[in-house]
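Asks:
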Amino acid sequence: MGILYLVPTPVGNMEDMTLRAIRILREADLVLCEDTRTSGILLKHFDIHNHLMSHHKFNEHGTSAGIVERLKGGENVALISDAGTPGISDPGFFLAREAIAAGVTVQTLPGATAFVPALVSSGLPCDRFCFEGFLPQKKGRMSRLEALKDEQRTMIFYESPYRVVKLLEQMRDVFGPDRRVSCCREISKVHEESVRGTISEVITHFQATPPRGEFVVVVAGLENK
């Protein structure tokens, strides 16, 4: 049988690509990606000449069976997302599960992901944390936050610049205005920035300075009194 490799790619700076990741992408029989245009730029940058095949959240249920058959036939397949580690708020889980069920070896390379540097640089406790990723855009946002109201671990969320102020306002209503938060944007890029303070302070900042770039929002857990 072949091997399914889950390969992290840079979330910003191209220098974050590992030597092993470059080698696997060169040697694989097939590279799966979310967007062939985006990943084509990545492969060209590292002088990788390999076949790209689209594998994203809209087609993964339909394509996974055929990919598993190719793996069972001895082909090595590498899966990448547009940025970061596959499976972390990106496609990857379903294919990995199907490959494992078929007895295929699945290997995940260590590498770039957005939430770890945001957590470690937040100044909030990072010995215990929970990753929530993207909240539902509409229905279910408040109920999910309410369910986390008494969470004592540091919490990590992903959010777009268009909804980050709304998210902070909802957090203020549920967690209280004085809960500590760190909003990190454009991780590993030229304009990387972390805005830290109470939820109210950070809301005030972004009301004066419109948010730009993709965000990782790190929120302190409820203090155990």
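FYI, my numbering numbers position 69 of the sequence shown as 1107, with every residue one higher than the one before it.
A virtual CB, placed ideally from N, CA and C, is assigned to each residue, including glycine.
Every value quoted in this text rests on a predicted model; they were computed, and no experiment measured them.
(1) May I have a chain-ordered list of the alpha helix (DSSP H) segments no shorter than 4 residues that lie completely inside the segment 1049 to 1077?
(2) Count the other CB atoms, across all protein chains shown, that sit within 10 Å of the CB of ILE1079; report buried if there are 16 or more and exposed otherwise.
(3) Determine the burial state of CYS1221: buried for a count of at least 16 other Cβ atoms within 10 Å of its Cβ, exposed for fewer.
(4) How big is the Cα-Cα spacing for PHE1084 and THR1074?
(5) Mapping the DSSP letters down to three states, classify ARG1108 as helix, strand or coil.
(6) Rounded to a whole number of angstroms, what is the C-alpha to C-alpha distance between LEU1006 and LEU1157?
(7) How far does the alpha helix (DSSP H) with LEU1205 in it extend, from its first residue to its last?
(8) Run through the DSSP bridge pairs and tell me what CYS1222 is partnered with.
(9) Mapping the DSSP letters down to three states, classify MET1091 as helix, strand or coil.
(10) Would you decide whether THR1123 is buried or exposed? Buried here means 16 or more other CB atoms lie within 10 Å of its CB.
(11) For LEU1044, tell me which candidate among GLU1197, ASN1114, ARG1210 and LYS1176 has the shortest Cα-Cα distance.
(12) So, with DSSP's three-state summary, where would you put ALA1246?
(13) Pick from ASP1188, ALA1137, LEU1117 and ILE1138: whose alpha carbon is nearest that of ASP1128?
(14) On the CB-based measure, 16 or more other CB atoms within 10 Å of its CB, does ARG1223 come out buried or exposed?
(15) Quick check on ARG1218: buried or exposed, where buried means 16 or more other Cβ atoms within 10 Å of its Cβ?
(16) Going by the CB atoms, is the gap between ALA1103 and GLU1136 shorter than 9 Å?
(17) Where does MET1039 sit, in a helix, a strand or coil, going by DSSP?
(18) Taking only the alpha-carbon atoms, compute the straight-line gap between SER1077 and ALA1140 and give it to the nearest angstrom.
(19) Please name the residue or residues paired with ALA1116 in a DSSP beta bridge.
Replies: Let's see:
(1) Counting only runs of 4+ residues, the alpha helix (DSSP H) found wholly inside the segment 1049 to 1077 occupies 1057 to 1065, in chain order.
(2) Here residue 1079 refers to the residue found at position 41 when the sequence shown is read from its first residue. Burial is judged here by how many other beta carbons sit within 10 angstroms of a residue's own beta carbon; ILE1079 has fewer than 16 and is exposed.
(3) Sequence index remark: in the sequence shown, residue 1221 carries index 183 (1-based). Per the 10 Å Cβ criterion, buried.
(4) Here residue 1084 refers to the residue found at position 46 when the sequence shown is read from its first residue. Here residue 1074 refers to the residue found at position 36 when the sequence shown is read from its first residue. For PHE1084 and THR1074, the gap between their C-alpha atoms comes out near 15 Å.
(5) To locate residue 1108, count along the sequence shown from 1; it is residue 70. In the structure shown, ARG1108 sits in a helix (DSSP, three-state: H, G or I).
(6) The structure shown does not extend to residue 1006, since the chain is modelled only from 1039 to 1263, so the question has no answer here.
(7) Here residue 1205 refers to the residue found at position 167 of the sequence shown. Per DSSP, the unbroken alpha helix (DSSP H) holding LEU1205 starts and ends at 1202 to 1213.
(8) Taking the sequence shown and counting its residues from 1, one reaches residue 1222 at position 184. Its beta-bridge partners are SER1232 and VAL1254.
(9) Mapped onto the sequence shown, residue 1091 falls at position 53. Three-state result, MET1091: strand.
(10) Within the sequence shown, the letter at position 85 stands for residue 1123. By the C-beta density criterion, THR1123 is buried, having at least 16 other C-beta atoms within 10 angstroms.
(11) Along the sequence shown, read from residue 1 onward, the residue named residue 1044 stands at position 6. Of the listed residues, the one whose Cα sits closest to LEU1044 is ASN1114.
(12) Reading the sequence shown from its first residue, position 208 is the one you call residue 1246. Secondary structure of ALA1246 (DSSP, three-state): helix.
(13) If you number the sequence shown from 1, residue 1128 lands on position 90. Closest in alpha carbon position to ASP1128, among ASP1188, ALA1137, LEU1117 and ILE1138, is LEU1117.
(14) Here residue 1223 is taken as the residue at index 185 of the sequence shown, counted from 1. Buried.
(15) Here residue 1218 corresponds to residue number 180 of the sequence shown, with the count starting at 1. By the 10 Å Cβ count, ARG1218 comes out buried.
(16) For the purposes of this step, residue 1136 is taken as the residue at position 98 of the sequence shown. For the purposes of this step, residue 1103 is taken as the residue at position 65 of the sequence shown. Yes, the pair counts as a contact, with Cβ atoms nearer than the cut-off.
(17) As a position in the sequence shown, residue 1039 is number 1, starting the count at 1. Under the three-state reduction of DSSP, MET1039 is assigned to coil, being neither helix nor strand.
(18) Taking the first residue of the sequence shown as position 1, residue 1077 is located at position 39. Taking the first residue of the sequence shown as position 1, residue 1140 is located at position 102. Roughly 27 Å separates the two Cα atoms.
(19) Position 78 of the sequence shown holds residue 1116. The secondary-structure analysis by DSSP pairs ALA1116 across a beta bridge with TYR1043 and VAL1069.
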